Every structure is written in C-alpha cells, then in structure tokens.
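K.L.:
Numbering (numbering that gives the first Met the number 0), first residue to last: 0 to 73.
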Amino acid sequence: MSSDPIQRRLIQEVVSTQNSMASVAQQDAGQPYDIGDMYAFNFALQDVANANWANSQYTQYKYGISKAIINAIN
0 MSSDPIQRRL
10 IQEVVSTQNS
20 MASVAQQDAG
30 QPYDIGDMYA
40 FNFALQDVAN
50 ANWANSQYTQ
60 YKYGISKAII
70 NAIN
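1. With respect to the alpha helix (DSSP H) encompassing Ser-19, which residues constitute its N-terminal and C-terminal limits?
2. Just to check my reading of the structure: Ala-43 and Ser-19 have Cβ atoms closer than 8 angstroms, yes? What is that Cβ distance to the nearest angstrom?
3. Can you give me the C-alpha to C-alpha distance between Glu-12 and Ser-2, rounded to a whole angstrom?
4. Could you check the C-alpha separation between Ala-53 and Ala-39 for me, to the nearest Å?
5. My output table needs one value for Tyr-32: the three-state DSSP class, helix, strand or coil.
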C-alpha cells in the first residue's frame with residue numbers, strides 16, 4: 000500500500016465505491032427490478048468511475064511533478 004496519505008485515501012474511496020456498487024447489484028439479485036433499481040446501480044457505477052478518475056488524475060499529477068523535478072536536476 001502507498002505511503003502517501005492522499006493516495007491511500009483515494010484507493011480507499013475506490014474500494015468503498017466498488018463495494019457499494021456490488022452491494023446495490025447483489026441487493027436485488029434474483030428479484031424483479033424497476034427503474035429505481037436501475038438508477039441506483041447507475042449512480043453507484045458513476046461513483047466508481049469518479050473515484051477511479053480522481054485516483055488516475057492524482058497518479059498523473061505525482062508522475063508529472065516527479066518528472067519535472069528530475070528534469071530540473073538534470
């Protein structure tokens with residue numbers, strides 16, 4: 000696991016949203032679903048996508064900063 004507290008928090012958020020999405024999907028498994036269930040699953044899926052996007056952006060930011068520092072040293 001990362002020693003960076005921001006990275007750890009972002010990863011925890013990704014895992015949490017994935018678990019939430021899985022919970023929504025399993026909650027009504029085997030039962031008829033309605034439009035509300037579809038919206039709930041869609042919102043959970045969007046939360047997962049947003050958490051993954053934020054984590055990706057932070058990783059790119061860290062890479063960019065590291066590269067800029069290395070280039071400045073050279």
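Glycine included, every Cβ here is placed at the ideal spot set by N, Cα and C.
Being a predicted model, the structure only gives us computed values, none of them experimental.
P.N.:
This is what the structure holds:
1. The residue labelled residue 19 in the question sits at position 20 within the sequence shown. Element bounds for Ser-19: 4-26.
2. As a first step, residue 43 is located in the sequence shown; it is residue number 44 there, counting from the start. As a first step, residue 19 is located in the sequence shown; it is residue number 20 there, counting from the start. Right, the Cβ-Cβ distance comes to about 5 angstroms (below 8 angstroms), so this counts as a contact.
3. Taking the sequence shown and counting its residues from 1, one reaches residue 12 at position 13. Taking the sequence shown and counting its residues from 1, one reaches residue 2 at position 3. Computed Cα separation, rounded: 16 angstroms.
4. In the sequence shown, the residue the question calls residue 53 occupies position 54. In the sequence shown, the residue the question calls residue 39 occupies position 40. Roughly 21 angstroms between the two C-alpha positions.
5. In the sequence shown, the residue the question calls residue 32 occupies position 33. DSSP places Tyr-32 in coil when its eight states are reduced to three.
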